[in-house]
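Beneath this line is the structure, given in structure tokens, with notes to follow.
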Amino acid sequence: MSFKASILTLYPDMFPGHLGHSMSGRAIERGDVEINTINIRDFAEGKHRNVDDTPSGGGAGMVLRADVLARGIDSLPNDGRPRLLMSPRGKPLKQSRVRELADGEGVVIVCGRFEGVDQRVIDARNLEEVSVGDYILSGGEPAAFILLDAIIRLLPGVMGNDESGTYESFEDNLLEHPHYTRPQVFEELEIPEVLLSGNHKKIDEWRRAQSQALTAERRPDLITARNTQKPRK
Ligand code: SAH
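Here this note's numbering runs 836 ahead of the position in the sequence shown, where the first position is 1.
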């Protein structure tokens, strides 16, 4: 069964973009992932086929029209896939939500443009607003790439080594330990001795301690979250 991503965008040619390469590219080729785009402009009416209009109440920029976008959304079967709107006002995307989405059958993603989307279509079509960070992009497309990239790499069979999907940054609200590989000496810097010891218990302990120290230093907010959230099953 393939994971189905339907993307509503004014720039369908941007897809699959980088998702057509490497691991996700192979997943698409195998048919494990289906990415299809819906051009919002196809649902515009009238001589000028306008998709946007000036903001009610005045102000700068343009707003994506509710009626046009709703027709685009309604052109898809209502098959229970979550409908997401990429939006800086959304809930910040976390690995836990990525995992939930990857466990499902697919997603419908709306990419905003201009100043944003008419609130009424967000309400009427029950769009879940998702943010990829506290900064403003020019459109929802790069945010959709981030979301899909994060989902696709978790799908069964996509990552060569399934192990590497389980002990990564954020999985336990911890940042990952540092990595080393050959050569053993690089510019007089050596690989930490414990990693060359072959003692796996010691190595695991060292990595865990590194993880915890790094998280405490760089992301104390994750430690707080860790103490208040229940662990992932
Ligand atoms: N005026 C809006 C920003 C509009 S940016 C505001 O101040 O909130 C145009 C579009 O880019 C948005 O509709 C959204 O789809 C996308 N976008 C911008 N930043 C984003 C972010 N951090 N996460 C997800 N989508 C984003």
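The beta-carbon is built from N, C-alpha and C at its ideal position, and this holds for glycine as well.
Measuring CA to CA, which of the options is closest to residue i?
i	options	result
I874	T1017, L984, I945 and N1009	I945
P924	D1057, E977 and E941	E977
I988	M850, D849, H854 and T845	H854
G952	T845, V869, I864 and K883	T845
S842	I871, M850, R862 and M859	I871
L929	D939, V904, G908 and L983	L983
D915	V943, D903, A1061 and T890	V943
I1059	S1005, G969, G908 and P852	S1005
V968	A986, D959 and A960	A986
F851	I1027, E1026, E1053 and A979	A979
F879	E1024, D939 and I909	I909
Any heavy atom of ligand 1 closer than 7 Å to the beta-carbon of residue i?
i	result
M922	yes
A979	yes
E1029	no
I843	no
F851	no
L990	no
V943	no
V934	no
S967	yes
V953	yes
L963	no
Should residue i be listed as close to ligand 3, given that the test is whether its C-beta is under 7 Å from any heavy atom?
i	result
I909	Ligands displayed in this structure: ligand 1; ligand 3 is not among them.
Check this for me: beta carbons of residue i and residue j, under 8 Å apart or not?
i	j	result
F950	M898	yes
G975	G993	no
L921	L973	no
Q1048	L1010	yes
R901	D888	yes
K927	V966	yes
When the Cα atoms are used, what is the spatial distance from residue i to residue j?
i	j	result
R1044	L1050	10 Å
S838	H857	18 Å
H1013	E941	32 Å
G861	G893	45 Å
D849	E881	21 Å
V934	Q1020	36 Å
A906	E936	25 Å
E1029	V869	42 Å
Y847	T1064	41 Å
L1032	R1018	11 Å
Q955	E1007	34 Å
Y1016	Q931	24 Å
E865	K840	13 Å
N1035	E1041	10 Å
M859	M995	7 Å
R1055	D970	16 Å
D1057	I1027	30 Å
Q. What beta strand (DSSP E) runs, 3 residues minimum, are completely inside the region 960 to 998?
A. 964 to 967
Q | Ordered list of alpha helix (DSSP H) runs contained in the region 1019 to 1055, each at least 4 residues | A | 1036 to 1054
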